[in-house]
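**Q** Numbering (my numbering), first residue to last: 232 to 857.
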Amino acid sequence: MAQRARAMSGLTRRGVMKAGVAGAAIGAMARPVLAQTPAPAAAASFLTNLPGRKRVALDGTWKVILDPFDVAGRKPSKRRSFWLDTIETPETGLVEYEWASSDAMQLPAAWNDVAAELTYYEGPAYFRRLFDAAPRAGLRQFLHFEAVNYAATVWLNGVEIARHEGGFTPFAVEITDLLARTGAGPHGLVVRADSRHGADTVPGLDFDWKNRGGITRSVWLVAVPETHIRDTYARLDGDALAIDLTLDGRARGGQQVTAQLAGRTARTVTDGEGRAQLRIPARGFARWSPETPVLHELTLTAASDRLTERIGLRTIAARGREILLNGQPVFLRGISMHEEAFGAEGARAVSLAKARALLAEAKALGCNFVRLAHYPHAEHVARLADEMGLMLWAEIPVYWEEIDYASPRTLALARQMMGELVRRDRSRASVVMWSVANETPQSEARLRFLETVIGDVRALDPSRLVTAALNKNVDVGGVTDGESVIEVRDPLGASLDVVAINQYEGWYGTRTPAEIAGVSFRNTYDKPLMFSEFGADALYGQRGPREERWSEDYQAWLYEETLKVVERTPGCVGLAPWVLKDFRSPRRWHGRFQDMWNRKGLLSPEGRRKAAFFVLQDYYRRKAAP
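#1: In terms of residues, what are the limits of the alpha helix (DSSP H) holding A616?
#2: Give the range of the beta strand (DSSP E) segment to which I732 is assigned.
#3: Between which two residues does the alpha helix (DSSP H) holding Y785 run?
#4: So does the region 822–832 actually touch the region 797–813, counting three or more Cβ pairs closer than 8 Å?
#5: Is the beta carbon of F814 closer than 8 Å to that of E571?
#6: Mind checking which residues open and close the alpha helix (DSSP H) that includes A507?
#7: When the distance is taken between beta carbons, is G389 closer than 8 Å to W314?
#8: Which residue marks the beginning of the alpha helix (DSSP H) containing E651, and which one marks its end?
#9: Please state whether DSSP places W342 in a helix, a strand or coil.
#10: So for Q825, helix, strand or coil by DSSP?
#11: In whole angstroms, give me the CA-to-CA distance for A393 and A465.
#12: What did DSSP end up calling K294 once you bin it into helix, strand or coil?
#13: Below 8 Å on the Cβ atoms is my guess for W451 versus R286; work out the distance and round it to an integer in Å.
#14: Quick check on DSSP: helix, strand or coil for F438?
#15: If the criterion is Cβ atoms closer than 8 Å, does the pair W665 and A609 meet it?
#16: Classify K841: buried if its beta carbon has 16 or more other beta carbons within 10 angstroms, exposed otherwise.
#17: Does Y739 pass the burial test, meaning 16 or more other C-beta atoms within 10 Å, or should it be called exposed?
#18: Starting from the Cα of E651, find the closest Cα among P282, T292, T489 and F399 and give me that residue.
#19: Residue ranges of each alpha helix (DSSP H) run of no fewer than 4 residues wholly in the region 556–633, ordered along the chain?
#20: Around the Cβ of F573, are there at least 16 other Cβ atoms within 10 angstroms (buried) or fewer (exposed)?
#21: Between which residues of its own chain and F197 is the CB-CB distance below 6 Å, once the five residues before and five after are set aside?
#22: Of the choices G414, Y381, R481 and V404, whose alpha-carbon is the least far from that of T432?
#23: For the region 309–390, which segments carrying the alpha helix (DSSP H) assignment without a break, of at least 4 residues, lie completely within its bounds, in sequence order?
#24: Roughly how many angstroms separate the alpha carbons of R541 and P524, rounded to a whole number?
#25: Given a cut-off of 8 Å on the beta-carbon distance, is the pair V663 and R695 in contact?
#26: Could you check the C-alpha separation between V653 and R659 for me, to the nearest Å?
#27: If P693 and V730 are in contact, beta carbons under 8 Å, what's the gap, nearest whole angstrom?
#28: Evaluate contact between the region 479–495 and the region 554–564, counting only Cβ atoms and requiring at least three cross-stretch pairs below 8 Å.
#29: Are the Cβ atoms of G597 and Y851 separated by less than 8 Å?
#30: So what's L770 in DSSP terms, helix, strand or just coil?
#31: Return the first residue and the last residue of the beta strand (DSSP E) that Y464 is part of.
#32: So, helix, strand or coil for K812, using DSSP?
#33: Closest to E377 by CA distance: which of F402, A534 and P639 is it?
#34: How big is the Cα-Cα spacing for P339 and H611?
#35: In terms of residues, what are the limits of the beta strand (DSSP E) holding E528?
#36: May I ask which residues mark the beginning and end of the alpha helix (DSSP H) holding E764?
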């Protein structure tokens with residue numbers, strides 16, 4: 232994999248973590264028992280419905296070692312094999328690390344957010360903690376990682392047990408047998424997180440957000456029965472709740488499965504592969520919508536396993552140029568959002584509370600829809616949206632032109648990420664659209680690439696809409712004096728349910744907001760059209776004449792004029808302007824106005840509302856009125 236390393240000059244071990252760290256000496260605890268027989272790395276998978284499982288968080292204080300030159304990865308030896316926890320003795324000879332004296336960090340977090348010296352560091356870092364876990368009769372145990380950015384390698388007691396690539400989707404590895412060999416512990420868990428990207432990664436080398444490396448979401452020790460429910464998929468199909476279920480374990484075939492929904496029950500028996508399908512009549516149950524986000528309790532029982540979760544019952548479909556929610560046309564009053572918390576410096580929004588604060592501002596704006604850009608957000612975001620009544624667009628980071636669309640490896644990564652996202656969230660009522668890409672250049676290789684991913688999505692989840700954020704496409708000139716027509720001509724549109732376009736008339740290019748009124752958009756497909764992005768940078772507090780770029784007044788003016796275009800665009804079913812709040816981006820260089828921030832937010836980094844917030848809020852109030 233072609234990769235790049237960027238390490239800051241003057242980096243010192245003692246200085247790297249001096250902000251936002253904890254000083255607990257984990258390395259001073261008892262040493263773990265090392266496995267006697269190495270095992271090959273296990274194939275990474277994960278458990279769906281993680282919140283419904285018995286689990287113990289492994290969050291908190293971890294020790295950390297940076298390896299900015301990737302020496303341990305490129306040229307491993309006992310002197311620097313951090314995963315072995317070697318101690319210097321006359322027998323071992325020189326060892327150039329020591330976990331006990333290494334820096335500490337509170338996880339989950341990104342190293343770029345907790346130490347100024349590491350703001351733009353890209354490369355590998357090794358994390359270690361000890362934990363106790365004894366073998367448990369009749370139970371299987373897994374380590375579940377919600378996200379490690381970007382490429383992860385995991386060792387337990389010196390044995391490599393898993394690898395995973397992709398910075399925003401979960402993976403898990405079973406450790407039952409290893410625990411049986413090593414006893415109750417303490418066990419040494421080491422994770423290598425490498426945040427570098429290359430020409431054949433997803434995303435590639437260029438993207439418009441801060442690259443945050445590390446264990447950025449929670450790590451769990453999960454216990455499940457020997458034969459357990461591995462995967463579920465629940466959705467409203469006509470007047471019934473349809474449930475697909477897969478068991479894992481030696482006794483997975485021929486097991487009775489029971490599903491209960493508010494007093495109604497369905498039963499069946501799994502096939503030889505542990506699969507089962509059930510249907511529960513749902514006539515008379517309240518339907519989920521942004522106005523009435525009603526959730527019902529679903530309980531699944533199979534073998535000795537039992538899972539309970541809250542789900543919403545709703546349908547989403549496209550008909551001609553309309554989107555139908557529960558059979559009725561709906562206008563998507565949306566906003567795009569990055570997974571970045573409120574704060575003067577910006578940081579990954581890893582906690583439930585920080586995610587809720589972002590979604591609460593979307594609700595205050597008058598939204599019924601949020602585009603989760605440009606990668607899978609944390610699992611609890613979709614669950615919060617279920618509760619709060621927000622429809623979601625979820626996407627993978629197939630982003631811009633620096634994706635190798637001809638590479639089988641890159642395609643495999645995109646398919647893997649899409650599969651992990653869909654399997655994780657396909658039972659969430661809030662998720663109404665899967666997006667396979669953002670602003671990708673047209674080519675035959677790109678078309679084949681994305682059509683393959685779309686095929687995977689439809690196979691995994693035929694109950695939702697599929698989209699992609701396309702470029703604004705082709706300015707074909709005027710059909711009347713003073714009017715310019717922009718047509719959507721992307722051949723990918725033929726494979727999508729919803730045609731979405733990103734357009735920045737009045738910001739990029741030569742047109743001013745005053746000239747937006749002379750622009751119209753023509754959808755060449757008989758499908759719903761939405762504006763998935765538009766906007767302008769504005770520094771909070773910068774006021775002036777509306778013609779003054781970078782001011783709140785210019786941004787508000789652009790919104791006013793763009794919303795007029797939205798209103799007269801045939802078949803426009805919604806919008807998701809760019810973006811809810813200002814977010815960190817090292818490719819935004821203007822020292823006076825940007826300073827490594829994308830300033831297109833309707834909110835400042837701290838959450839202060841700009842003038843355009845109120846323009847859009849007023850528009851959404853009018854659109855929501857009966």
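From the three backbone atoms N, C-alpha and C, an ideal C-beta is built for every residue, glycine too.
**A** Short version:
#1: As a first step, residue 616 is located in the sequence shown; it is residue number 385 there, counting from the start. Run containing A616: E610 to M619, per the alpha helix (DSSP H) assignment.
#2: Position 501 of the sequence shown, counted from the first residue, corresponds to residue 732. Where I732 is concerned, the enclosing beta strand (DSSP E) starts and stops at V729 to N733.
#3: Within the sequence shown, numbered from 1, the residue matching residue 785 stands at position 554. Per DSSP, the unbroken alpha helix (DSSP H) holding Y785 starts and ends at E783 to E798.
#4: Yes, since at least three Cβ pairs between the region 822–832 and the region 797–813 fall closer than 8 Å, the two stretches touch.
#5: Position 340 of the sequence shown, counted from the first residue, corresponds to residue 571. Position 583 of the sequence shown, counted from the first residue, corresponds to residue 814. Yes. Within cutoff.
#6: Position 276 of the sequence shown, counted from the first residue, corresponds to residue 507. Note, A507: premise wrong, no alpha helix (DSSP H); beta strand (DSSP E) at R506 to P512.
#7: Numbered from 1 along the sequence shown, position 83 holds the residue referred to as residue 314. Numbered from 1 along the sequence shown, position 158 holds the residue referred to as residue 389. In this structure, W314 lies near G389, with their beta-carbon atoms less than 8 Å apart.
#8: Position 420 of the sequence shown, counting from 1, holds the residue named residue 651. Per DSSP, the unbroken alpha helix (DSSP H) holding E651 starts and ends at P639 to D656.
#9: Counting from one through the sequence shown, the residue named residue 342 turns up at place 111. If DSSP states are grouped into helix, strand and coil, W342 belongs with the helices.
#10: Within the sequence shown, the letter at position 594 stands for residue 825. The answer is coil: DSSP assigns Q825 none of H, G, I, E or B.
#11: On the sequence shown, position 162 is the one that residue 393 refers to. On the sequence shown, position 234 is the one that residue 465 refers to. For A393 and A465, the distance between alpha carbons rounds to 29 Å.
#12: Taking the first residue of the sequence shown as position 1, residue 294 is located at position 63. In the three-state reduction of the DSSP assignment, K294 falls in the strand class.
#13: As a working mapping, residue 451 is identified with position 220 in the sequence shown. As a working mapping, residue 286 is identified with position 55 in the sequence shown. Contact between W451 and R286 holds: their C-beta atoms lie close to 4 Å from each other, under 8 Å.
#14: Along the sequence shown, read from residue 1 onward, the residue named residue 438 stands at position 207. F438: coil per DSSP, three-state reduction.
#15: Here residue 665 refers to the residue found at position 434 when the sequence shown is read from its first residue. Here residue 609 refers to the residue found at position 378 when the sequence shown is read from its first residue. Taking 8 Å as the Cβ cut-off, W665 and A609 do not qualify as a contacting pair.
#16: Taking the first residue of the sequence shown as position 1, residue 841 is located at position 610. Counting the other Cβ atoms within 10 Å of the Cβ of K841 gives 16 or more, which makes it buried.
#17: The residue you call residue 739 lines up with position 508 of the sequence shown. Burial state of Y739 is exposed, judged by a 10 Å Cβ sphere holding fewer than 16 other Cβ atoms.
#18: To locate residue 651, count along the sequence shown from 1; it is residue 420. Minimum Cα distance to E651 is reached at F399.
#19: Taking only runs of at least 4 residues, the alpha helix (DSSP H) segments lying wholly in the region 556–633 are 583–596 and 610–619.
#20: Position 342 of the sequence shown, counted from the first residue, corresponds to residue 573. Result: buried.
#21: Not covered by the structure: residue 197. The range shown for the chain is 232 to 857.
#22: Residue numbering aside, residue 432 sits at position 201 when the sequence shown is read from its first letter. Nearest C-alpha to T432 among G414, Y381, R481 and V404: Y381.
#23: Listed in chain order, the complete alpha helix (DSSP H) runs (minimum 4 residues) inside the region 309–390 are 342–345.
#24: The residue given as residue 541 occupies position 310 in the sequence shown. The residue given as residue 524 occupies position 293 in the sequence shown. Straight through space, the alpha carbons of P524 and R541 are spaced by roughly 11 Å.
#25: Walking along the sequence shown from the start, residue 663 turns up at place 432. Walking along the sequence shown from the start, residue 695 turns up at place 464. Cβ distance < 8 Å, so V663 and R695 count as in contact.
#26: Stepping through the sequence shown from its first residue, residue 653 is reached at position 422. Stepping through the sequence shown from its first residue, residue 659 is reached at position 428. Rounded to the nearest angstrom, the two C-alpha atoms are 10 Å apart.
#27: Walking along the sequence shown from the start, residue 693 turns up at place 462. Walking along the sequence shown from the start, residue 730 turns up at place 499. In fact, because the Cβ distance is near 19 Å, the residues do not count as touching under 8 Å.
#28: No, they do not touch.
#29: Along the sequence shown, read from residue 1 onward, the residue named residue 597 stands at position 366. Along the sequence shown, read from residue 1 onward, the residue named residue 851 stands at position 620. The answer is yes: Cβ separation under 8 Å.
#30: Here residue 770 refers to the residue found at position 539 when the sequence shown is read from its first residue. Here L770 sits in coil by DSSP.
#31: As a working mapping, residue 464 is identified with position 233 in the sequence shown. Unbroken beta strand (DSSP E) run through Y464: H459 to D468.
#32: Stepping through the sequence shown from its first residue, residue 812 is reached at position 581. Reduced to three states, the DSSP call for K812 is strand.
#33: Within the sequence shown, the letter at position 146 stands for residue 377. Checking every option, the nearest Cα to that of E377 belongs to F402.
#34: Against the sequence shown, residue 339 aligns to sequence position 108. Against the sequence shown, residue 611 aligns to sequence position 380. Straight across, the Cα-Cα distance linking P339 with H611 is about 14 Å.
#35: Taking the first residue of the sequence shown as 1, we reach residue 528 at position 297. The continuous beta strand (DSSP E) containing E528 extends over residues H527 to A533.
#36: The count along the sequence shown starts at 1 and reaches residue 764 at position 533. Counting along the chain, E764 falls outside any alpha helix (DSSP H), though it belongs to the beta strand (DSSP E) covering L760 to E764.
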